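Enquirer:
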Amino acid sequence: MSFPGLYELIVIGIVVLLLFGGGKVKEFMRAFGEGLREFRSAATEATTTIREAVDGDPAPPSTAKADGEAKEPPESPVG
Numbered sequence: 001m002s003f004p005g006l007y008e009l010i011v012i013g014i015v016v017l018l019l020f021g022g023g024k025v026k027e028f029m030r031a032f033g034e035g036l037r038e039f040r041s042a043a044t045e046a047t048t049t050i051r052e053a054v055d056g057d058p059a060p061p062s063t064a065k066a067d068g069e070a071k072e073p074p075e076s077p078v079g
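The numbering used here puts the first residue of the sequence shown at 1, with every later residue one more than the last.
And the structure:
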């Protein structure tokens, strides 16, 4: 099975424009772009959730405490 070449894609594009008109094609492409954006967002969220599950704890949103003080590293028991 071979893929269509550039000439065939141009002919298909012209036929689609003649059948549906420019307005419908524009609406379809806008909806397609929004769907793709939502898919990427969901994929990123799923990846983050999986990484948190594998690591065991969720990544903190920041390294500072809520009151503004920086966290101190834990003391070493071998000291």
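Note that CB positions come from ideal geometry on N, CA and C, so glycine has one too. Since we're looking at a predicted model, the values are computed, not measured.
Pull up the CB-CB distance for Val25 and Val16, whole angstroms please, since I reckon it's below 8 angstroms.
Expert: That belief holds up - the Cβ atoms of Val25 and Val16 are roughly 6 angstroms apart, short of 8 angstroms.
Enquirer: By how many angstroms is the C-alpha of Gly33 removed from the C-alpha of Ala46?
Expert: So the alpha carbons of these two residues sit roughly 20 angstroms apart.
Enquirer: What three-state label does DSSP hand Ser2 in the structure shown?
Expert: Residue state, collapsed to three classes: coil.
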